[in-house]
Each structure stands twice: as structure tokens, then as C-alpha cells.
């Protein structure tokens, strides 16, 4: 039973706050709901061009902060904004969202039979401060046959996912041998960090 109309009983410290999630991702929206948090989705258009000299380990935080800073001066005193970005890093290279099925195939082929890193950054902002948290998970795929990769590409929706895959989908069920770290971080939202930060806000 909720103590107030907007938050679960364990987040009653936010009873006078309004949470804004700056993400159109249905996965992030569903995960945040799972924390018993009510929120509004509000998204600004942002140029997500990554500086060429930016090291891969800093890309997620850079993009998360960029999205957050686009709301500077737009938040009411009682609003808390959450922005986030997830990147897949393989051999020091960032794999973004594929633009074509062929690009998705190449990404998944490169991840096959190896371990890669998934990094997610989450930025919290209100009218007076900004905090960015990061989480990292190692994901190991078994060797994927080409027909398995094409089946996933043609049957599911890899085009809107970093690294061209969703761990919560068929390819994760049959292909992921091991993860080291948060499963939800691979989905794009490290819930344990989000909850802890909201609880102490």
C-alpha cells in the first residue's frame, strides 16, 4: 500500500517530488515502474555525436550528462530528472545502435564467442545539483552460428539496441553463457543504483 499517490512506501522521502524520466526506451520505463516509482516521460532532442578523442569508458557518462544538461533551467523546484545511456564496448570500441541489418549482423558476429563490457551511466538532476552514477557488467556469449544471428535479426528488433541485442530476448536466452555484474545494467538501467540514489535524495 502506497503512503502517497506517487511513490511506494519505501520512497516516501520523495512524496513531494515529481520524477521525470528522459527516455523513450520501453525497457527503462518498465524497469523504473518496477521500483514502484511513478514518473513522467519528457525527452529533449540532443545531438549525440561522440567526440573522436573520447575514450570508450567515458562515452556512457558523457551522453547521459549531455541529455541531462539539455534540461538545464527547465526543471521546477520539485522535479528530479533521470537521464541514462548504455554502451557496449568490445575490444575498446563502442558499439552503438546498428543502422542496417548487415551492421547488426557484423556487431553480433564480433560479440560471438567472446566477452564484452556493457556500461550504463545514470544522471540525476534537480534545480540545484547533478549527480552521475555508472555501472559495468561483463557479458560472455557462446559461439553464435550465422543462421542463429540472422534468425534473431529477422525475428526481433535489434536496431534500437546498443550492440544490436537485448539480453532479455531470445538471443540472451540461448547465447549468453555468463554475466559478471548487474543483469538490469545490461538491459540499460542499473536498478540497484537508481533505487539507492532516489532513497537518499
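In this note's numbering, the protein residues as written are 11 to 211.
Glycine included, each C-beta is placed from N, C-alpha and C at the ideal position.
Fair warning: this is a prediction, and the values are worked out from it, not measured in the lab.
Quick check for students: name the residue ranges of the alpha helix (DSSP H) that lie wholly in the region 95-142, counting only runs of 4 or more. Runs of the alpha helix (DSSP H) inside the region 95-142: 111-121.
Taking the beta strand (DSSP E) that residue 188 falls in, what are its first and last residues? Element bounds for residue 188: 186-190.
Using the rule of at least 16 other Cβ atoms within 10 Å of the residue's Cβ for burial, across every protein chain shown, is residue 63 buried or exposed? In the assembly as shown, residue 63 is an exposed residue. Its beta-carbon has fewer than 16 other beta-carbons within 10 Å.
Taking DSSP as the reference, what is the three-state secondary structure of residue 181? In the three-state scheme derived from DSSP, where H, G and I count as helix and E and B as strand, residue 181 is classed as helix.
Closest by C-alpha distance to residue 184, when choosing among 21, 152, 118 and 119: For the residues 21, 152, 118 and 119, the minimum Cα distance to residue 184 belongs to 152.
Can you list, in chain order, the residues of its chain with a C-beta nearer than 8 Å to that of residue 162? Leave out the 5 residues immediately preceding and following it. Cβ neighbours of residue 162 beyond the five flanking positions: 118, 168, 175, 179, 180 and 181.
Taking the beta carbon of residue 145 as the centre, do at least 16 other beta carbons fall within 10 Å, making it buried, or is it exposed? Classification of residue 145: buried, given that the 10 Å Cβ count is 16 or more.
Specify the secondary structure class of residue 28 as computed by DSSP and reduced to three states. Strand, per DSSP.
Start and end of the alpha helix (DSSP H) containing residue 204? In the DSSP annotation of this structure, the continuous segment of the alpha helix (DSSP H) that includes residue 204 starts and ends at 201-209.
Given residue 97, which residues of its chain have a CB within under 6 Å of its CB, disregarding the five upstream and five downstream residues? Same-chain partners within the cutoff: 69, 70, 104, 129 and 172.
Out of curiosity, what's the CA-to-CA distance linking residue 22 and residue 126? Whole-angstrom Cα-Cα distance: 38 Å.
Touch test, the region 39-52 against the region 194-203, Cβ-Cβ under 8 Å, three pairs minimum: Cβ pair count under 8 Å is three or more, so yes.
Could you check which residue in 150, 140, 135 and 137 has the C-alpha nearest to that of residue 120? Comparing Cα-Cα distances from residue 120 to each of 150, 140, 135 and 137, the minimum goes to 150.
Can you list the alpha helix (DSSP H) stretches of 4 or more residues lying completely in the region 39-86, in chain order? Taking 4 residues as the shortest admissible run, the region 39-86 contains the following complete alpha helix (DSSP H) segments, listed from N- to C-terminal end: 69-79.
Quick test of your reading: residue 92 and residue 136, contact by CB under 8 Å. State the CB separation rounded to the nearest angstrom. The pair is not a contact, with the Cβ atoms about 11 Å apart (cut-off 8 Å).
When DSSP labels each residue in this structure, what does residue 154 get in the three-state scheme? When DSSP states are grouped into helix, strand and coil, residue 154 belongs to the coil group.
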